[in-house]
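Asker: Questions regarding the structure given below will be posed in turn.
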Amino acid sequence: MTDDPDPKFFDRADAVIAVANSQLPDASRGRVSASLMYATARFNAWISALGSGSAAEMSAARADTIDYFVGEYRKMLEENLDDHIANFDKYMRGGD
Numbered sequence: 325m326t327d328d329p330d331p332k333f334f335d336r337a338d339a340v341i342a343v344a345n346s347q348l349p350d351a352s353r354g355r356v357s358a359s360l361m362y363a364t365a366r367f368n369a370w371i372s373a374l375g376s377g378s379a380a381e382m383s384a385a386r387a388d389t390i391d392y393f394v395g396e397y398r399k400m401l402e403e404n405l406d407d408h409i410a411n412f413d414k415y416m417r418g419g420d
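Right, dumping it as structure tokens:
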């Protein structure tokens, strides 16, 4: 994760999670998760395109772009898995 997130970082993340949670009555957790991952990939591809001057430039940066986003996702997933492991009872069972 970013070392020093901006003040609205978690607010934006929580807003996206709230949208995902609102979809759970109509879709399985796996389907909602897959949609979120697709949306993230599509948004990040668009962000990458915005930072490129041409398709050729974007293509040349493709491997580095993938490495960056996959690496950042991995760090965030590891951090959140560790948090849920450390706080399993609190998060999943409402314990202290």
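Everything in the sequence shown is counted per the working numbering, starting at 325 for the first residue and increasing by one.
We treat Cβ as the ideally placed atom computed from N, Cα and C, and that holds for glycine.
Would Ser-378 and Thr-389 qualify as a contact pair, given that the criterion is a beta-carbon distance under 7 angstroms?
Answerer: no
Asker: Determine whether the beta carbon atoms of Leu-360 and Ala-339 lie at a separation below 7 angstroms.
Answerer: no
Asker: Start and end of the alpha helix (DSSP H) containing Asn-368?
Answerer: 353 to 374
Asker: Please report the straight-line C-alpha distance between Ser-422 and Ile-341, rounded to a whole angstrom.
Answerer: Missing from the structure shown is residue 422; the chain here goes from 325 to 420 and no further.
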